[in-house]
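Engineer: If you count by my numbering, then the sequence shown holds residues 1 to 89, one letter each, in order. Beta carbons: idealized from backbone N, C-alpha and C, even for Gly. All figures in this text were calculated on a predicted structure; none of them were measured in a lab.
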Amino acid sequence: MSDLIIDDNAVEHIRKYIEEENAEAVRLFIGGGGCCERFEIAFVKNALACDVTYERNGVKLHVEKALVDNTSAIEIKYDEHRGLLINLL
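1. Is the separation between the beta-carbon of F43 and that of A23 shorter than 8 Å?
2. When the Cα atoms are used, what is the spatial distance from E21 to S72?
3. Measure how close the beta-carbons of V26 and I41 come, nearest whole angstrom, since I'm counting them as under 8 Å.
4. How would you label E64, buried or exposed, when you count the other beta carbons within 10 angstroms and need 16 or more for buried?
5. Please classify E24: does DSSP put it in a helix, a strand, or coil?
6. Do L67 and I76 come within 8 Å of each other at the CB atom, strictly closer than that value?
7. Is D8 helix, strand or coil when you go by DSSP?
8. What number of angstroms, rounded off, separates the C-alpha of V11 from the C-alpha of S2?
9. Tell me, which residues are paired with R38 by DSSP?
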């Protein structure tokens with residue numbers, strides 16, 4: 001299981017958008033396909049059956065199991081100019 005490392009600015013940024021979207025959580029997953037795979041975040045009410053759920057400071061993040069199984073840590077930071085930055089470690 002991966003560790004989730006998320007900075008306080010990212011938590012607050014995500015919390016703000018969860019409230020605006022009237023959602024319960026966000027889901028982090030790999031979208032796209034072929035040579036154009038990318039990380040995607042969606043506002044959701046519930047996790048999918050295969051997701052791993054993390055909670056930080058009252059914010060729920062559901063992460064696709066394949067990401068959790070193939071990384072030692074997932075790092076999420078918020079940069080004022082670039083937005084959310086997601087790194088797999």
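Structural biologist: According to the structure data:
1. The residue you call residue 43 lines up with position 43 of the sequence shown. The residue you call residue 23 lines up with position 23 of the sequence shown. Taking 8 Å as the cut-off, the Cβ atoms of F43 and A23 count as close.
2. Within the sequence shown, numbered from 1, the residue matching residue 21 stands at position 21. Within the sequence shown, numbered from 1, the residue matching residue 72 stands at position 72. E21 and S72: Cα-Cα distance of roughly 30 Å.
3. Within the sequence shown, the letter at position 26 stands for residue 26. Within the sequence shown, the letter at position 41 stands for residue 41. Under the criterion of beta carbons closer than 8 Å, V26 and I41 qualify as touching, at roughly 5 Å.
4. In the sequence shown, residue 64 corresponds to position 64, counting from 1. Buried, by the Cβ-count rule.
5. Counting from one through the sequence shown, the residue named residue 24 turns up at place 24. For E24, the three-state secondary structure derived from DSSP is coil.
6. Mapped onto the sequence shown, residue 76 falls at position 76. Mapped onto the sequence shown, residue 67 falls at position 67. Note that the C-beta distance between I76 and L67 is not below 8 Å.
7. The count along the sequence shown starts at 1 and reaches residue 8 at position 8. DSSP places D8 within a helical segment (H, G or I) once states are collapsed to three.
8. For the purposes of this step, residue 11 is taken as the residue at position 11 of the sequence shown. For the purposes of this step, residue 2 is taken as the residue at position 2 of the sequence shown. Taken atom to atom, the span from the alpha-carbon of V11 to that of S2 is near 18 Å.
9. Taking the sequence shown and counting its residues from 1, the one referred to as residue 38 is at position 38. As computed with DSSP, R38 is found in a beta bridge with G31.
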